[in-house]
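Student: First residue of the sequence shown? That's 144 in my numbering, and the numbers climb one at a time after it.
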Amino acid sequence: MKKTLFFAGLAVLLFGCGGKKNSEQNQLTGTINIDGSSTVYPITEAVAEEFKKAYPDVKVAVALSGTGGGFKKFVRGETDINDASRPITKFEDSIAKANGIEYIELEVAYDGLAVVVNPKNTWCNDIKVSELKKIWEPEAQGKITHWNQIRPEWPNEPLHLYGAGVESGTYDYFTEAIVGKAHSSRGDYTSSEDDNVLVQGVSSDVNALGFFGFAYYEENKDKIKLVAVDNGNGPVLPSVETVKNKTYAPLSRPLYIYINNKAAERKEVQEFINFYLDKMNELVSEVGYIPLNDEELSAVKNKWQDFLSKHKK
Numbered sequence: 144m145k146k147t148l149f150f151a152g153l154a155v156l157l158f159g160c161g162g163k164k165n166s167e168q169n170q171l172t173g174t175i176n177i178d179g180s181s182t183v184y185p186i187t188e189a190v191a192e193e194f195k196k197a198y199p200d201v202k203v204a205v206a207l208s209g210t211g212g213g214f215k216k217f218v219r220g221e222t223d224i225n226d227a228s229r230p231i232t233k234f235e236d237s238i239a240k241a242n243g244i245e246y247i248e249l250e251v252a253y254d255g256l257a258v259v260v261n262p263k264n265t266w267c268n269d270i271k272v273s274e275l276k277k278i279w280e281p282e283a284q285g286k287i288t289h290w291n292q293i294r295p296e297w298p299n300e301p302l303h304l305y306g307a308g309v310e311s312g313t314y315d316y317f318t319e320a321i322v323g324k325a326h327s328s329r330g331d332y333t334s335s336e337d338d339n340v341l342v343q344g345v346s347s348d349v350n351a352l353g354f355f356g357f358a359y360y361e362e363n364k365d366k367i368k369l370v371a372v373d374n375g376n377g378p379v380l381p382s383v384e385t386v387k388n389k390t391y392a393p394l395s396r397p398l399y400i401y402i403n404n405k406a407a408e409r410k411e412v413q414e415f416i417n418f419y420l421d422k423m424n425e426l427v428s429e430v431g432y433i434p435l436n437d438e439e440l441s442a443v444k445n446k447w448q449d450f451l452s453k454h455k456k
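(1) Taking the straight line between their C-alpha atoms, what separation do you get for residue 315 and residue 447?
(2) Consider the Cβ of residue 293: report whether some Cβ of chain C lies at a distance smaller than 9 Å.
(3) Spatial neighbours of residue 196 within its chain, please: C-beta separation below 7 Å, excluding the five flanking residues on both sides.
(4) So residue 420 is in the alpha helix (DSSP H); what residue range does that whole segment cover?
(5) List the residues that DSSP assigns as beta-bridge partners of residue 396.
(6) Strictly by DSSP, which residues pair up with residue 355?
(7) Considering only heavy atoms of the ligand FAD, does any lie closer than 8 Å to the CB of residue 217?
(8) Do you know how far the Cα of residue 251 is from the Cα of residue 420?
(9) Identify, in the order they occur along the chain, each residue of the same chain with its Cβ nearer than 8 Å to the Cβ of residue 336, setting aside the five sequence neighbours on each side.
(10) State buried or exposed for residue 151, treating a residue as buried only when at least 16 other CB atoms are found within 10 Å of its CB.
(11) Buried or exposed, going by whether 16 or more other CB atoms sit within 10 Å of the CB of residue 334?
(12) Between the alpha carbons of residue 245 and residue 256, how many angstroms are there, rounded?
(13) Please confirm whether residue 186 and residue 218 have their CB atoms less than 9 Å apart.
(14) Between which two residues does the alpha helix (DSSP H) carrying residue 240 extend?
(15) Tell me the rounded alpha-carbon separation between residue 380 and residue 339.
(16) Quick one: what does DSSP say residue 433 is sitting in, helix, strand or coil?
(17) Tell me the DSSP secondary structure of residue 321 in three-state form.
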């Protein structure tokens with residue numbers, strides 16, 4: 144009888160603790176508004192989906208306006224978190240300061256930009272950085288229009304270009320790395336903030352050449368063909384290994400999330416970021432990006448906890 148009472152009491156204690164935890168989760172409510180990079184979007188969306196399972200009464204809205212488009216909203220205080228495939232610019236930061244917006248930047252993953260062609264393209268297996276510049280620099284508009292203008296042995300066929308939209312951090316990074324100046328390129332190309340649109344364009348156009356985040360190539364490798372990039376040290380294809388060891392240069396980059404300080408004072412935002420940092424390395428790999436190493440992840444978590452200790456109410 145005593146044993147029965149003991150185990151009954153233990154069960155009440157254990158289930159009571161679990162019930163308390165579930166009760167705390169169910170009591171957490173609110174809305175978290177996120178916008179920004181189409182590159183970071185798959186990571187944040189994956190985290191949000193998992194978070195909703197744990198905290199069903201918290202609404203997490205994840206949009207993708209591109210890094211620049213997202214920052215426009217973020218620095219006006221319209222969103223809580225901005226996904227970014229590049230650091231915030233001095234101009235964006237100045238607007239944030241003018242609007243009384245303070246924030247914390249957290250690195251969440253690494254990515255390589257993929258240069259791709261149609262699978263039926265038999266001639267372009269690698270391309271030099273100098274050739275990419277020749278194609279994409281502003282002076283090329285209306286002039287570099289055929290493949291044989293890049294290499295004489297390539298066919299005299301029209302060159303159709305696909306790339307990230309001008310509000311995209313991918314566009315900023317690509318133009319800075321290839322052309323030498325951010326936000327500087329020819330304008331006569333098919334652009335989109337949505338990388339899936341670019342994948343569809345390249346996959347249906349034999350004369351296409353495009354660029355976007357490596358993760359979108361990973362998701363669509365049966366539809367498009369990857370091109371090796373030669374920075375002077377020989378052609379290198381992007382991969383987890385070449386992005387991590389920086390041999391895939393200059394088209395490797397870190398990815399970020401930015402959190403509004405005032406938003407970070409809210410319990411639901413704190414729990415979301417805690418959840419994000421705990422889950423992101425696992426989810427980053429699942430969606431095709433390169434996770435932080437243990438030391439980097441620890442540093443990011445410490446940065447967040449230090450921030451919370453100073454701003455937590």
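The C-beta atom is built at its ideal place from N, Cα and C for all residues, glycine as well.
Remember, predicted model here, so these are calculated numbers, not experimental data.
Tutor: Short version:
(1) 27 Å
(2) No chain C is present in this structure, which holds just one protein chain.
(3) Here the set comprises nothing.
(4) 410-429
(5) Paired residues: 254.
(6) 257
(7) This structure lacks the ligand FAD, and indeed carries no ligand of any kind.
(8) About 8 Å.
(9) 181, 207, 208, 209, 212, 307, 308, 310, 311
(10) Per-residue confidence for residue 151 stands at a pLDDT of 47, beneath the threshold of 50, marking its modelled position as unreliable; no derived number is given.
(11) Under a 10 Å Cβ-count criterion, residue 334 is classified as buried, with 16 or more other Cβ atoms of the shown protein chains found around its own Cβ.
(12) 30 Å
(13) no
(14) Per DSSP, the continuous alpha helix (DSSP H) segment holding residue 240 begins and ends at 233-241.
(15) 21 Å
(16) It is a strand residue.
(17) helix
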